[in-house]
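Student:
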Amino acid sequence: MTDPRELAARQPANFVLGAATAALQIEGGADLRGRCGWDEFAEQPGRIIDGSTPALTCDHFHRSEEDLELMSGAGLDGYRFSISWPRVQPEGSGRVSSEGLDFYDRLVDRLIERGIRPMATLYHWDTPIPLEQQGGWKVRSTAERFGEYAAIVGERLGDRVADWVSINEAATVVLNGYGLGVHSPGEEQLFRAGAVARNMVLGHGYAVQALRSVPVAGRIGVTNTHTPVSPATDSKKDKAMAGLLDFVHNRLFADPVLLGRSPEVPRGLPLPMRLMLKSVSRMSRKDLELVSQPLDFYGLNYYFPSLVAAGADPTGMSPDGESEAAKDLPFRLLDWPDLPQTDFGWPIAPDGLRQISQQMAERYGTRLPPVVITEGGASFNDAPSPDGSVNDDDRVAYLAAHIGVAADLANGAIPGFELEGYYVWTLLDNWEWAAGFSQRFGLVHVDFDTLERTPKSSYHWIGDVQRARRGKTEV
Ligand code: IFM
298 MTDPRELAAR QPANFVLGAA TAALQIEGGA DLRGRCGWDE FAEQPGRIID GSTPALTCDH
358 FHRSEEDLEL MSGAGLDGYR FSISWPRVQP EGSGRVSSEG LDFYDRLVDR LIERGIRPMA
418 TLYHWDTPIP LEQQGGWKVR STAERFGEYA AIVGERLGDR VADWVSINEA ATVVLNGYGL
478 GVHSPGEEQL FRAGAVARNM VLGHGYAVQA LRSVPVAGRI GVTNTHTPVS PATDSKKDKA
538 MAGLLDFVHN RLFADPVLLG RSPEVPRGLP LPMRLMLKSV SRMSRKDLEL VSQPLDFYGL
598 NYYFPSLVAA GADPTGMSPD GESEAAKDLP FRLLDWPDLP QTDFGWPIAP DGLRQISQQM
658 AERYGTRLPP VVITEGGASF NDAPSPDGSV NDDDRVAYLA AHIGVAADLA NGAIPGFELE
718 GYYVWTLLDN WEWAAGFSQR FGLVHVDFDT LERTPKSSYH WIGDVQRARR GKTEV
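Just so we're aligned, residue 298 is where the sequence shown starts under the numbering used here, counting upward by one.
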């Protein structure tokens with residue numbers, strides 16, 4: 298099912314097919330912004346698999362015209378980018394860098410000139426260092442500063458950005474950054490990190506409040522990563538642990554935002570753990586009101602389903618690296634016996650997108666606004682062939698299957714679940730956090746020595762899908 302015409306025929310006319318990126322993963326230009334937690338984290342020995350840093354990455358900051366040309370070449374309907382907080386506010390509060398804002402101002406104008414819908418994410422993990430030093434997301438003041446920063450960006454870009462995402466993947470920041478320590482800031486608090494989630498949810502609330510009061514013209518949403526969770530067996534223990542992962546991954550953030558209430562701690566867990574989860578997830582009524590302001594859309598990132606068994610993994614392996622803390626987790630993630638994997642070792646399961654969408658529809662009902670798949674994609678480390686082309690047929694198959702499910706959802710496959718589009722992760726091979734440059738998710742290959750960009754076959758394939766949709770040319 299990789300025929301572009303067949304896929305094009307399944308997508309509704311208003312379906313948005315785009316690509317997503319994040320500032321720290323592609324921009325470089327580090328001398329022209331403040332430092333963030335990830336700059337320091339990457340400089341600590343052993344944190345990043347290949348010892349690389351986000352200082353240069355794809356140098357998009359100086360090559361944005363070339364990258365815009367690439368977006369047009371693939372016929373993208375939308376482009377999701379993130380705004381670097383330390384580029385706009387080098388200290389995370391107070392002083393604003395007008396040069397920093399100018400970069401995004403131009404980018405938005407160029408996108409609109411090309412007919413590409415701009416979706417701006419305000420926070421994709423680059424916490425300014427002064428705020429990190431004051432406690433990062435462990436303290437409420439970071440959420441308050443985030444609201445101020447949102448107002449600054451909203452004032453400048455609010456007349457042109459079509460879609461705003463407050464925070465990207467709070468679940469990943471909390472689980473990987475504060476729970477397991479495999480991401481910045483490298484803390485290993487396990488479930489106590491739940492308290493960090495509360496501040497991130499508050500940050501979202503302050504940002505929505507700020508954007509609404511500017512007011513910005515575009516739509517406002519939030520993005521989180523979701524995974525359908527299954528127990529490895531029918532045993533009580535496996536089921537309880539699957540409930541635990543579902544709670545911290547899928548509900549801790551979404552329930553307060555969408556339902557205006559703290560999530561219910563799953564049954565079957567030992568009492569001390571239940572009490573701890575209850576205390577870290579509880580929010581006051583006033584805070585719940587702040588964080589559950591109505592949204593125009595919900596951004597869902599989907600990569601893979603999770604299979605959970607009770608009992609720790611003695612190797613401490615998590616999908617994003619090895620963690621001492623993971624050895625103390627009461628559960629482990631298992632490989633799915635029948636599913637193929639990407640080069641990152643992530644299971645490939647397009648049906649998981651249907652499952653998680655079904656669960657979201659059941660859980661949130663009419664409280665769930667229209668959904669956008671704000672990220673989905675796969676790491677395959679295909680290298681250029683001798684003739685210079687990059688043939689990533691594995692990525693084409695991955696995207697065809699996932700975008701196919703998205704098209705069915707957009708056509709109303711699940712009653713009450715309204716899907717508007719799919720943003721491929723990602724436009725360019727980039728700096729994949731703790732995995733450095735070792736995992737390539739891009740539609741466009743980047744040579745990290747020369748920074749040369751080479752569109753892969755998946756890029757040409759997306760272009761064919763888009764041309765077929767617009768009925769422009771033979772494909
Ligand atoms: O690269 C990341 C992105 O920054 C957030 N979502 C998952 C992607 C792949 O790991």
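Where a beta carbon is used, it is the ideal one built from N, C-alpha and C, also for glycine.
Going by other Cβ atoms of all chains shown within 10 Å of its Cβ, with 16 needed for buried, is residue 753 buried or exposed?
Tutor: Indexing the sequence shown from 1 puts residue 753 at position 456. That one is buried.
Student: Would you call the stretch 381 to 396 in contact with the stretch 321 to 335, where contact means no fewer than 3 C-beta pairs closer than 8 Å?
Tutor: The stretch 381 to 396, when compared against the stretch 321 to 335, does touch it at the 8 Å Cβ threshold.
Student: So what's residue 511 in DSSP terms, helix, strand or just coil?
Tutor: Translated into positions along the sequence shown, residue 511 becomes position 214. Coil at residue 511, not helix or strand.
Student: Could you give the DSSP three-state label for residue 420: helix, strand or coil?
Tutor: Translated into the one-based positions of the sequence shown, residue 420 becomes position 123. Per DSSP, reduced to three states, the secondary structure at residue 420 is strand.
Student: Can you give the beta carbon distance from residue 633 to residue 644, rounded, assuming they're within the 8 Å contact cut?
Tutor: Translated into positions along the sequence shown, residue 633 becomes position 336. Translated into positions along the sequence shown, residue 644 becomes position 347. Correct: roughly 5 Å between the Cβ atoms.
Student: Looking at residue 656 and residue 525, is the spacing between their C-beta atoms short of 8 Å?
Tutor: Taking the first residue of the sequence shown as position 1, residue 525 is located at position 228. Taking the first residue of the sequence shown as position 1, residue 656 is located at position 359. Taking the C-beta atoms as reference points, residue 656 is found nearer than 8 Å to residue 525.
Student: Within its chain, find whatever has a CB closer than 7 Å to the CB of residue 681; leave out the 5 residues flanking it on each side and keep chain order.
Tutor: Walking along the sequence shown from the start, residue 681 turns up at place 384. Result list for residue 681: 687, 742, 751, in chain order.
Student: Going by beta carbon distance, what residues of the same chain come within less than 8 Å of residue 315, once the five residues before and after it are set aside?
Tutor: Stepping through the sequence shown from its first residue, residue 315 is reached at position 18. In the same chain as residue 315, and ignoring 5 residues on each side of it, the C-beta atoms closer than 8 Å to its own belong to 373, 374, 375, 376, 377, 413, 414, 416, 718, 719, 720, 721, in chain order.
Student: Assess, as a yes-or-no matter, whether the stretch 349 to 366 is touched by the stretch 401 to 411 under the definition of 3 or more beta carbon pairs within less than 8 Å.
Tutor: yes
Student: Give the single residue among 577, 497, 489 whose Cα lies nearest to the Cα of residue 468.
Tutor: The residue given as residue 468 occupies position 171 in the sequence shown. It is 497 whose Cα lies nearest to the Cα of residue 468.
Student: How many Å lie between residue 562 and residue 544 at the Cα?
Tutor: Here residue 562 corresponds to residue number 265 of the sequence shown, with the count starting at 1. Here residue 544 corresponds to residue number 247 of the sequence shown, with the count starting at 1. Using only the alpha carbons, I get a separation of about 7 Å.
Student: Quick one: give me the first and last residue of the alpha helix (DSSP H) that residue 375 is part of.
Tutor: Indexing the sequence shown from 1 puts residue 375 at position 78. Counting along the chain, residue 375 falls outside any alpha helix (DSSP H), though it belongs to the beta strand (DSSP E) covering 375 to 379.
Student: Contact check, residue 671 vs residue 600 under 8 Å by CB: the rounded distance?
Tutor: Walking along the sequence shown from the start, residue 671 turns up at place 374. Walking along the sequence shown from the start, residue 600 turns up at place 303. Incorrect: roughly 12 Å between the Cβ atoms, too far for contact.
Student: Specify whether the stretch 344 to 356 and the stretch 323 to 335 touch according to this definition: at least 3 beta carbon pairs, one from each stretch, less than 8 Å apart.
Tutor: yes
Student: Relative to the C-alpha of residue 425, which residue among 724, 327, 677 is closest?
Tutor: Position 128 of the sequence shown, counting from 1, holds the residue named residue 425. Nearest option by C-alpha distance: 327.
Student: Which runs of the beta strand (DSSP E), 3 residues or longer, sit entirely within the stretch 503 to 577?
Tutor: Entirely contained in the stretch 503 to 577, the beta strand (DSSP E) runs reaching 3 residues are, in chain order, 516 to 523, 526 to 528.
Student: So, for residue 371: in the same chain, excluding its five sequence neighbours on each side, which residues have a beta-carbon less than 6 Å away from its beta-carbon?
Tutor: Locating residue 371 in the sequence shown gives position 74, where the first residue counts as 1. Correct list, in chain order: 756, 759, 760.
Student: Looking at the secondary structure, which residues open and close the beta strand (DSSP E) in which residue 596 lies?
Tutor: Translated into the one-based positions of the sequence shown, residue 596 becomes position 299. Run containing residue 596: 594 to 599, per the beta strand (DSSP E) assignment.
Student: Just verifying my parser: in three-state terms, what is the DSSP assignment at residue 628?
Tutor: As a position in the sequence shown, residue 628 is number 331, starting the count at 1. In the structure shown, residue 628 sits in a strand (DSSP, three-state: E or B).
Student: Is residue 730 near ligand 1, judged by its Cβ being under 7 Å from some heavy atom?
Tutor: One-based indexing of the sequence shown puts residue 730 at position 433. Within the cutoff, so yes.
Student: For residue 325 and residue 571, what's the separation of their Cα atoms in angstroms?
Tutor: To locate residue 325, count along the sequence shown from 1; it is residue 28. To locate residue 571, count along the sequence shown from 1; it is residue 274. So the alpha carbons of these two residues sit roughly 43 Å apart.
Student: Can you name the residues that DSSP bridges to residue 606?
Tutor: What you label residue 606 is simply residue 309 of the sequence shown in a count that begins at 1. According to DSSP, which records beta bridges pairwise, residue 606 is partnered with 629.
Student: Secondary structure at residue 471, three-state DSSP: helix, strand or coil?
Tutor: The count along the sequence shown starts at 1 and reaches residue 471 at position 174. Helix, per DSSP.
Student: Let me know if residue 341 comes out buried or exposed under the rule of 16 or more other beta-carbons within 10 Å of its beta-carbon.
Tutor: Translated into the one-based positions of the sequence shown, residue 341 becomes position 44. Residue 341 should be labelled exposed.
Student: Please specify which runs of the alpha helix (DSSP H), each continuous and at least 4 residues long, are wholly inside the stretch 716 to 772, giving them in chain order.
Tutor: Taking only runs of at least 4 residues, the alpha helix (DSSP H) segments lying wholly in the stretch 716 to 772 are 754 to 767.
Student: In three-state DSSP terms, what is residue 663?
Tutor: Working through the sequence shown from its first residue, we reach residue 663 at position 366. Of the three classes helix, strand and coil, the one that applies to residue 663 here is helix, per DSSP.
Student: In chain order, what residues of the same chain lie with their CB nearer than 8 Å to the CB of residue 650, ignoring the 5 residues before and after it?
Tutor: In the sequence shown, residue 650 corresponds to position 353, counting from 1. In the same chain as residue 650, and ignoring 5 residues on each side of it, the C-beta atoms closer than 8 Å to its own belong to 599, 670, 673, 699, 702, 703, 706, in chain order.
Student: Looking at C-beta atoms only, is the number of pairs between the stretch 473 to 480 and the stretch 616 to 629 that lie closer than 8 Å three or more?
Tutor: yes
Student: Using only alpha-carbon positions, find the residue among 300, 536, 555, 567 that is nearest to residue 603.
Tutor: For this step, residue 603 is matched to residue 306 along the sequence shown. Residue 536 is the option with its Cα nearest to residue 603.
Student: Would residue 635 be called buried (16 or more neighbouring beta carbons within 10 Å of its own) or exposed?
Tutor: Within the sequence shown, residue 635 is the residue found at index 338, counting from 1. Exposed: under 16 other Cβ atoms inside 10 Å.
Student: Going by C-alpha to C-alpha distance, which of 726, 593, 765, 501 sits closest to residue 466?
Tutor: Taking the first residue of the sequence shown as position 1, residue 466 is located at position 169. Considering only alpha carbons, the answer is 501.
Student: Short check: CB of residue 731 to CB of residue 642, under 8 Å?
Tutor: Against the sequence shown, residue 731 aligns to sequence position 434. Against the sequence shown, residue 642 aligns to sequence position 345. It is not a contact, given that the beta carbons lie outside the stated cut-off.
Student: Going by the C-beta, is residue 738 closer than 7 Å to any heavy atom of ligand 1?
Tutor: As a working mapping, residue 738 is identified with position 441 in the sequence shown. Residue 738: yes, Cβ under 7 Å from ligand 1.
Student: Under 8 Å: do the stretch 443 to 450 and the stretch 504 to 515 share three or more Cβ pairs, one atom per stretch?
Tutor: yes
Student: May I ask whether a heavy atom of ligand 1 can be found less than 7 Å away from the beta carbon of residue 337?
Tutor: Position 40 of the sequence shown holds residue 337. Not under cutoff, so the answer is no.
Student: Quick one, are the C-beta atoms of residue 519 and residue 420 less than 8 Å apart?
Tutor: Position 222 of the sequence shown, counted from the first residue, corresponds to residue 519. Position 123 of the sequence shown, counted from the first residue, corresponds to residue 420. Cβ distance not < 8 Å, so residue 519 and residue 420 don't count as in contact.
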